[in-house]
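In terms of our numbering, the sequence shown opens at residue 12 and continues consecutively.
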Amino acid sequence: MLALFVYLLSLVCWMGAIIFFSFFVAPVIFTRLPIAEAGKVVSVIFPRYYLLGYGAGIAALALAVYFAISRGAREWWSGTALLLAVALALTLYAGMVVRPAVDAIREVAEEPNPDPARMAEFDRLHRLSVTLNGSVLMLDLLALAGSAGALSRHG
């Protein structure tokens, strides 16, 4: 029971962070603060945001693999583990590759007359970051559904 509790807590924390940041924090920050300050606030939040994603993702994936090996409904747990593995890979890529690239070019969004090529690169990276974040949320929701399927089959 402890393993299942930690698994569910990890998955809920991961999804909760994505939902809270994407639908509550970011809209408030970017509608209430000047763009330069909003960017600075987000750049302070993101390292912890991604750290939570890494930790929760690793815990959820490890426990889903454990359940696939040790419990009934193996196909449900195996599918769930696969979804979580992809979500964790996307989170790692977003946090370790995309975020540093955005941080390196972020100041272009604050310039009054930004270089069009640099601004286009910033916009591309931002769109990629948003897409990855949304994909992780969808994968986590599917993993939650897979967990429910596994638990309803297993009891």
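Built from N, CA and C at the ideal position, the CB exists for glycine as well.
Here the structure is a predicted model, which is why all the values come from computation and not from measurement.
Please state whether DSSP places residue i in a helix, a strand or coil.
| i | result |
| --- | --- |
| residue 59 | helix |
| residue 12 | coil |
| residue 93 | helix |
| residue 121 | helix |
| residue 44 | coil |
| residue 126 | coil |
| residue 37 | helix |
When burial is assigned at 16 or more other CB atoms within 10 Å of the CB, is residue i buried or exposed?
| i | result |
| --- | --- |
| residue 15 | exposed |
| residue 147 | buried |
| residue 2 | As shown, the chain starts at 12 and ends at 166. That puts residue 2 outside it, with no answer to give. |
| residue 22 | buried |
| residue 110 | buried |
| residue 141 | exposed |
Below 8 Å between beta carbons: does that hold for residue i and residue j?
| i | j | result |
| --- | --- | --- |
| residue 64 | residue 91 | no |
| residue 72 | residue 95 | yes |
| residue 104 | residue 152 | no |
| residue 88 | residue 159 | no |
| residue 121 | residue 46 | yes |
Could one say the Cβ of residue i lies closer than 8 Å to chain D's Cβ atoms, at least one of them?
| i | result |
| --- | --- |
| residue 125 | No chain D appears in this structure, which consists of one protein chain only. |
- Message: Using a Cβ distance threshold of 8 Å, determine whether the stretch 77-90 contacts the stretch 28-45, with at least three qualifying pairs required.
- Response: The stretch 77-90 vs the stretch 28-45: no contact.
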